[in-house]
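The structure appears right after this line, and notes come after that.
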Amino acid sequence: MKTAVRSENITTGNAQVGGGSIPTAGIGKAIGKDKLERFALVKLTTKFDLDANTALFTIAANPIHFATADGITVLNGSPLIALVNPITTIPENTSTSTAVKVANLSITDDIFGNNTTSLSGSDASSFEIKGNELYLKAGTNLNYNTKSSYSVILSVNDANINKGDSKTFNLSVTPVTLPTLSIEATNAIQSEGNLGTKSFNFIVIRSGNISNVSSANWTVTGFGINQANNTDFVAGTLPTGTVSFAAGETSQTITVNVSGDTSVELDEEFIVTLSTPTNATVTTGTARGTITNDDNNQPKVISGTDQGDIIDATTRQSTVMPGKGDDIIIVNTASVVIIELPNEGNDTVFSSVNYNLAALPQIENLTLTGTTDINGIGNGKDNVITGNSGQNVLTGLQGNDTFVFNFGDSVVGKPDKIRDFQFGKDKIRVNGLSPSVLTRATNSTASTLDSLVNSVFIDANGAESGNQAFATNSAALVVSTAQGIGGTYLIVNDGIGGFNPATDLVINLTGYSSTLPRVGNIGVSNLSLFV
Numbered sequence: 000m001k002t003a004v005r006s007e008n009i010t011t012g013n014a015q016v017g018g019g020s021i022p023t024a025g026i027g028k029a030i031g032k033d034k035l036e037r038f039a040l041v042k043l044t045t046k047f048d049l050d051a052n053t054a055l056f057t058i059a060a061n062p063i064h065f066a067t068a069d070g071i072t073v074l075n076g077s078p079l080i081a082l083v084n085p086i087t088t089i090p091e092n093t094s095t096s097t098a099v100k101v102a103n104l105s106i107t108d109d110i111f112g113n114n115t116t117s118l119s120g121s122d123a124s125s126f127e128i129k130g131n132e133l134y135l136k137a138g139t140n141l142n143y144n145t146k147s148s149y150s151v152i153l154s155v156n157d158a159n160i161n162k163g164d165s166k167t168f169n170l171s172v173t174p175v176t177l178p179t180l181s182i183e184a185t186n187a188i189q190s191e192g193n194l195g196t197k198s199f200n201f202i203v204i205r206s207g208n209i210s211n212v213s214s215a216n217w218t219v220t221g222f223g224i225n226q227a228n229n230t231d232f233v234a235g236t237l238p239t240g241t242v243s244f245a246a247g248e249t250s251q252t253i254t255v256n257v258s259g260d261t262s263v264e265l266d267e268e269f270i271v272t273l274s275t276p277t278n279a280t281v282t283t284g285t286a287r288g289t290i291t292n293d294d295n296n297q298p299k300v301i302s303g304t305d306q307g308d309i310i311d312a313t314t315r316q317s318t319v320m321p322g323k324g325d326d327i328i329i330v331n332t333a334s335v336v337i338i339e340l341p342n343e344g345n346d347t348v349f350s351s352v353n354y355n356l357a358a359l360p361q362i363e364n365l366t367l368t369g370t371t372d373i374n375g376i377g378n379g380k381d382n383v384i385t386g387n388s389g390q391n392v393l394t395g396l397q398g399n400d401t402f403v404f405n406f407g408d409s410v411v412g413k414p415d416k417i418r419d420f421q422f423g424k425d426k427i428r429v430n431g432l433s434p435s436v437l438t439r440a441t442n443s444t445a446s447t448l449d450s451l452v453n454s455v456f457i458d459a460n461g462a463e464s465g466n467q468a469f470a471t472n473s474a475a476l477v478v479s480t481a482q483g484i485g486g487t488y489l490i491v492n493d494g495i496g497g498f499n500p501a502t503d504l505v506i507n508l509t510g511y512s513s514t515l516p517r518v519g520n521i522g523v524s525n526l527s528l529f530v
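Taking numbering that gives the first Met the number 0, the leading residue of the sequence shown gets 0, the next gets one more, and so forth.
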């Protein structure tokens with residue numbers, strides 16, 4: 000065996016090698032010794048990598064031993080493991096959506112160590128080592144009542160000598176006092192009303208530790224002998240939701256919207272229930288609401304004033320006496336009785352159903368509401384009759400009547416019909432625009448209304464040669480002779496160039512006894528068709 004001597008500050012030492020990852024032969028560099036007089040063999044290399052002043056020794060045989068100059072053998076020492084800045088307690092409401100660091104690890108060893116770390120013990124599966132740090136694993140369920148502490152043994156072992164060290168780490172779970180939630184009704188005994196919705200309110204009180212966020216789900220269910228059901232609530236479903244608290248908040252309001260109706264019913268009950276709280280416990284979990292009946296089968300008499308009144312007669316069977324003033328009477332059934340005396344103002348019925356003014360000689364006007372395809376009939380007065388956005392059949396009867404249209408209400412796909420329009424007497428009012436040009440196009444044999452309207456936009460004046468395009472802000476009359484759509488049509492441009500099937504007016508005029516104006520330019524003022 001050869002001896003390596005470094006002249007500056009290293010005494011003579013002998014080395015033998017064996018085991019581990021160190022080769023059984025080679026050349027190494029001795030760079031110093033520690034306080035225990037152990038030599039450091041830091042790197043195997045070739046002779047050619049060493050400078051001429053570096054002392055060399057040859058590694059010859061197993062096992063490895065280092066000795067001081069006076070022959071005292073120095074062996075590879077055992078590693079030591081320590082926990083640095085450990086966290087020994089953890090609140091049970093700590094989030095473990097990601098791993099939680101609980102300690103730093105410090106491993107002390109000489110330069111000869113070949114060390115590995117490991118975990119053992121009953122709770123080892125709840126921990127993991129990342130680098131030089133110990134973590135509680137993500138997803139660990141912290142619950143003081145089911146497990147109040149965790150314990151794990153951390154070990155380090157030097158594979159070269161199969162010796163090491165271990166430490167036990169204990170982590171205590173501390174209980175957290177959660178805030179409490181309780182619910183109570185505030186204004187939850189009410190009538191439902193006859194239209195729209197009514198709000199039933201419940202307050203949720205949070206008490207105790209309110210430093211964190213909390214939440215709970217809530218549901219509405221029927222309760223008692225006469226239980227409310229889904230039809231009693233908005234959208235036809237039993238309401239549900241979540242009540243949430245930010246840090247520091249102590250109360251929140253749950254609003255349950257009840258739908259109004261005119262059905263005669265018993266008082267109905269429901270309860271609001273809190274469940275599945277997060278970061279909270281529920282102490283009082285239910286509160287009761289009562290929908291009281293406000294409907295009956297007795298006829299209702301509604302009297303107006305001497306001013307212009309808006310009278311809602313949609314709540315139940317009603318008799319309306321509007322009185323003086325220009326009144327509006329809103330109905331959803333034709334069975335409403337209206338008693339109006341002569342000279343008591345200019346009155347209008349707003350109806351969402353088929354309606355006939357013939358039996359109401361003192362009512363002047365009729366407006367159809369909603370989107371349903373319904374019909375309206377006037378009386379002997381000079382009526383103003385307005386259709387809705389559905390497809391309407393309008394009849395003025397006697398009198399010089401005005402029919403009112405909005406762009407988009409009577410279109411090529413669903414044209415309205417006026418059954419007794421009289422040229423020279425009856426008028427058309429187009430809200431938002433008054434046509435400046437009126438012509439009559441050549442009679443059309445087109446088989447569809449779309450083709451008929453398109454032909455008018457190509458040539459709106461049948462008296463002139465060539466095509467006279469249908470201009471913006473214009474109106475035209477055209478007669479269809481085709482089977483299935485035959486009749487007279489008034490087409491009104493919506494103020495935007497070109498045929499706009501969703502908005503341009505297409506109105507079927509029938510039942511007239513007067514002569515239809517001639518083909519060509521009629522002139523708005525000559526016919527006095529529009530007002």
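Yeah, the Cβ is synthetic: ideal placement off N, Cα and C, and Gly gets one too. All of these numbers come straight from a predicted model, not from anything done at the bench.
Measure the alpha-carbon distance for residue i versus residue j and round it to whole angstroms.
| i | j | result |
| --- | --- | --- |
| R517 | T441 | 10 Å |
| A246 | D372 | 54 Å |
| Q390 | D415 | 5 Å |
| G195 | G259 | 5 Å |
| F404 | K323 | 28 Å |
| L448 | I484 | 7 Å |
| I106 | V151 | 17 Å |
| N229 | N216 | 19 Å |
| S511 | G395 | The sequence given here places Tyr at residue 511; Ser does not occur at that position. Each residue's Cα considered, the two are about 12 Å apart. |
| T368 | N430 | 16 Å |
| E339 | T218 | 50 Å |
When burial is assigned at 16 or more other CB atoms within 10 Å of the CB, is residue i buried or exposed?
| i | result |
| --- | --- |
| Q251 | buried |
| G423 | exposed |
| T88 | exposed |
| V411 | buried |
| T145 | exposed |
| T480 | exposed |
| S409 | buried |
| E463 | exposed |
| A357 | exposed |
| I417 | buried |
| P78 | buried |
| A333 | exposed |
| I309 | exposed |
| N387 | buried |
| G465 | exposed |
Tell me where the beta strand (DSSP E) around residue i begins and ends.
| i | result |
| --- | --- |
| D415 | 415 to 417 |
| D164 | 162 to 173 |
| I310 | 309 to 311 |
| L79 | 79 to 83 |
| A184 | 179 to 186 |
| A286 | 285 to 291 |
| N216 | 213 to 222 |
| S121 | Neither: S121 is in no beta strand (DSSP E) and is coded neither H nor E. |
| S592 | Examination of residue 592 is not possible in this model, given that the chain is present from 0 through 530 alone. |
| V429 | 426 to 430 |
| Y134 | 132 to 135 |
| G240 | 239 to 244 |
| Q251 | 250 to 258 |
How is the alpha helix (DSSP H) around residue i delimited, first residue to last?
| i | result |
| --- | --- |
| V452 | 448 to 457 |
| L579 | Past the boundaries of the shown model lies residue 579; the chain is included only from 0 to 530, so the question cannot be answered. |
Going by the CB atoms, is the gap between residue j and residue i shorter than 9 Å?
| i | j | result |
| --- | --- | --- |
| L365 | I337 | no |
| Q397 | N378 | yes |
| P238 | V255 | yes |
| K426 | F402 | yes |
| A137 | T95 | yes |
| T291 | Q226 | no |
| V491 | L432 | yes |
| V257 | V281 | no |
| V155 | N114 | yes |
| N460 | T438 | yes |
| T93 | L141 | yes |
| V263 | I253 | no |
| G221 | E267 | yes |
| L135 | L82 | no |
Shorter than 9 Å from the beta carbon of residue i to some beta carbon of chain C?
| i | result |
| --- | --- |
| D164 | Within the model displayed, chain C is absent; a lone protein chain is all it includes. |
Report yes or no: do the stretch 97 to 104 and the stretch 171 to 189 share at least 3 C-beta pairs separated by less than 8 Å?
-> no
Quick one: any contact between the stretch 498 to 518 and the stretch 452 to 467, if contact means 3 or more CB pairs under 8 Å?
-> yes
Would you call the stretch 273 to 292 and the stretch 181 to 193 in contact, with 3 or more CB pairs under 8 Å?
-> yes
The stretch 320 to 336 / the stretch 347 to 362 touching (three or more Cβ pairs under 8 Å) | yes
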